[in-house]
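Numbering (this note's numbering), first residue to last: 59 to 424.
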């Protein structure tokens, strides 16, 4: 028996999304049906609509979601109907070379549901990041469901499913920010602000926010930035010098590039202390190239240059811990939710996101 529900579909590149009937099959072995309670509007969903991920239209958009397990398929034991879960797009396989080496956060063969969800005419949908959660019910692999405390508000909890987790993890997991460290974050949208919140949670002493938008710098302060640098109309050398001014002339222990452009990465490279760490969590486009850097600088400055994949997170480890920090008042996840919208409000939310007016719009289901 298939469930007939409403979902947000992108039928063609660049065209406005539509709310359409979606057929969701009964869960097969290893699968689960989740009744979605809330789903954040992420830049990745817009990239899908614009054809920036792949061309496998039509897409069922949405992936930053929390909900309640409704049914499970054969062989599923880790979750059961009634569990409150956050959905994730890195359900680890447990058997690939990364998993066997004890590094499941790098899993190279993550799981998705085997069965497709379809439109009413039978057209198969490509679910965004293997989830597809701008829909009343979605079909996922059971490993994509992480059980957390039901005391968390769904609109808040679901944000750990992508951007917020990417930023927090960039600070805590990839950058390994520690107590008393100095941290600079370049780019203070949702991911950058999450990195700031993560650095604060980890006990960083100085947290420097860098952005070209004064409003975003105010947001950064609300998440824990101790200093801000307004970068508009300023050269790279000026920005690096100011980071050094706020770190006793040395540079930051960890610099997180949440923009992902060659110029911001260079700023990060030179704004760190000797033996410091650069973390790239902003996603570059395929055409971008790093300009020449003196090779001696790579050697002489030492330290680490890292890329952060989804905050190097392990959902089963990180989601429950971060939800508990939120419930204890130590992690202000609720501040990321700028507005709550209905299912038919996604297209307008894309426009507000593109203009930088929101951190997150969140679709909330009754």
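Ideal placement from N, C-alpha and C gives every residue a C-beta, glycine not left out.
- Task: Note down the Cα distance separating residue 416 from residue 187, rounded to an integer number of angstroms.
- Result: Distance from the CA of residue 416 to the CA of residue 187, rounded to the nearest whole angstrom, comes to 22 Å.
- Message: Taking 8 Å as the cut-off, does the region 100-119 touch the region 197-210 (at least 3 CB pairs, one atom from each stretch)?
- Response: The region 197-210 vs the region 100-119: no contact.
- Item | Delimiting residues of the beta strand (DSSP E) encompassing residue 365 | First-last of the beta strand (DSSP E) with residue 365: 362-365.
- Which residues bound the beta strand (DSSP E) around residue 427? Since the displayed the chain opens at 59 and closes at 424, residue 427 lies outside it and no answer follows.
- Item | Closest Cα partner of residue 343 within the set 320, 301 and 358 | If we check each option's Cα against that of residue 343, 320 comes out closest.
- Identify whether residue 304 lies in helix, strand or coil by the three-state DSSP scheme. In the three-state DSSP reduction, residue 304 falls in the coil class, being neither helix nor strand.
- Using the Cα positions of residue 130 and residue 138, report the straight-line distance between them to the nearest angstrom. Each residue's alpha carbon lies about 7 Å from the other.
- Query: Taking the continuous alpha helix (DSSP H) assigned at residue 256, which residues delimit it?
  - Reply: Counting along the chain, the alpha helix (DSSP H) containing residue 256 begins and ends at 248-259.
- Measuring CB to CB, does residue 200 end up less than 8 Å from residue 136? By the CB criterion at 8 Å, residue 200 and residue 136 fall inside the cutoff.
- Note down the Cα distance separating residue 127 from residue 303, rounded to an integer number of angstroms. Between the C-alpha atoms of residue 127 and residue 303 there is a straight-line separation of about 51 Å.
- Message: Mapping the DSSP letters down to three states, classify residue 157 as helix, strand or coil.
- Response: Three-state DSSP puts residue 157 in a helix.
- Proximity below 8 Å, CB of residue 282 to CB of residue 255: Yes, the Cβ-Cβ distance between residue 282 and residue 255 is below 8 Å.
- Under the assumption that residue 318 contacts residue 334 (Cβ atoms under 8 Å), give the Cβ distance between them as a whole number of angstroms. Going by Cβ atoms, the distance from residue 318 to residue 334 rounds to 19 Å, so no, they are not a contact pair.
- Task: Specify whether the region 246-255 and the region 158-167 touch according to this definition: at least 3 beta carbon pairs, one from each stretch, less than 8 Å apart.
- Result: Verdict: no, contact absent.
- Task: Apply the 10 Å Cβ neighbour rule to residue 232 and answer buried if 16 or more other Cβ atoms are within range, or exposed otherwise.
- Result: Sixteen is the threshold: when 16 or more other Cβ atoms of the shown chains lie within 10 Å of the Cβ of residue 232, as they do, the residue is buried.
- Message: Helix, strand or coil for residue 121? Go by DSSP, reduced to three states.
- Response: Coil.
- Helix, strand or coil at residue 380 [DSSP, three-state]: Reduced to three states, the DSSP call for residue 380 is helix.
- Return the residue from the list 191, 104 and 300 that minimises the CA-CA distance to residue 145. The shortest Cα separation from residue 145 among 191, 104 and 300 belongs to 191.
- Message: Please report the distance separating the alpha-carbon of residue 90 from that of residue 299.
- Response: Going from the Cα of residue 90 to the Cα of residue 299 covers about 52 Å.
- Kindly indicate the opening and closing residues of the alpha helix (DSSP H) around residue 275. Residue range 272-281 is occupied by the alpha helix (DSSP H) that includes residue 275.
- Check residue 102 in the structure and name its three-state DSSP category. Judged by DSSP in its simplified three-state form, residue 102 adopts helix.
- Query: Is it a yes or a no for the region 396-414 touching the region 172-183, going by three-plus beta-carbon pairs under 8 Å?
  - Reply: By the Cβ criterion, the region 396-414 is not in contact with the region 172-183, since fewer than three pairs of Cβ atoms, one from each stretch, lie closer than 8 Å.
- Item | Residue interval of the beta strand (DSSP E) (run including residue 414) | Unbroken run through residue 414: none, as it is neither H nor E.
- Message: Counting C-beta neighbours from all protein chains within 10 Å, is the total for residue 175 16 or more, i.e. buried, or is it exposed?
- Response: So residue 175 counts as buried.
- residue 197 by DSSP, collapsed to three states: which one? Strand, per DSSP.
- Message: Just to confirm my understanding: we take residue 380, look at its own chain, exclude 5 residues before and 5 after, and list those with CB closer than 7 Å. What are they?
- Response: If we look at residue 380 and ignore the five residues flanking it on each side, its Cβ neighbours are 218, 226 and 389.
- So is residue 412 buried or exposed if we call it buried at 16+ other beta carbons inside 10 Å? The residue in question, residue 412, is exposed, as its Cβ has fewer than 16 Cβ neighbours within 10 Å.
- Count the other CB atoms within 10 Å of the CB of residue 280; is the residue buried (16 or more) or exposed (fewer)? Exposed.
- Using the C-alpha atoms, what's the distance from residue 301 back to residue 74? Per the coordinates, the alpha-carbon of residue 74 lies some 42 Å from the alpha-carbon of residue 301.
- Measuring CB to CB, does residue 177 end up less than 8 Å from residue 82? Cβ atoms of residue 177 and residue 82: not closer than 8 Å.
- What residue does the beta strand (DSSP E) around residue 240 start on, and which one ends it? From DSSP, the beta strand (DSSP E) with residue 240 extends over 240-244.
- Message: Which residues does DSSP list as the beta-bridge partners of residue 338?
- Response: Note: residue 338 sits in a beta bridge opposite 315 and 365.
- Message: In whole angstroms, give me the CA-to-CA distance for residue 253 and residue 293.
- Response: If you take the alpha carbons of residue 253 and residue 293, they lie about 24 Å apart.
- Taking DSSP as the reference, what is the three-state secondary structure of residue 322? Helix at residue 322.
- Can you give the Cα-Cα distance for residue 172 and residue 296, rounded to whole angstroms? Going from the Cα of residue 172 to the Cα of residue 296 covers about 52 Å.
- Please report the residue range of the beta strand (DSSP E) in which residue 84 lies. For residue 84, no beta strand (DSSP E) run applies, since DSSP gives it neither H nor E.
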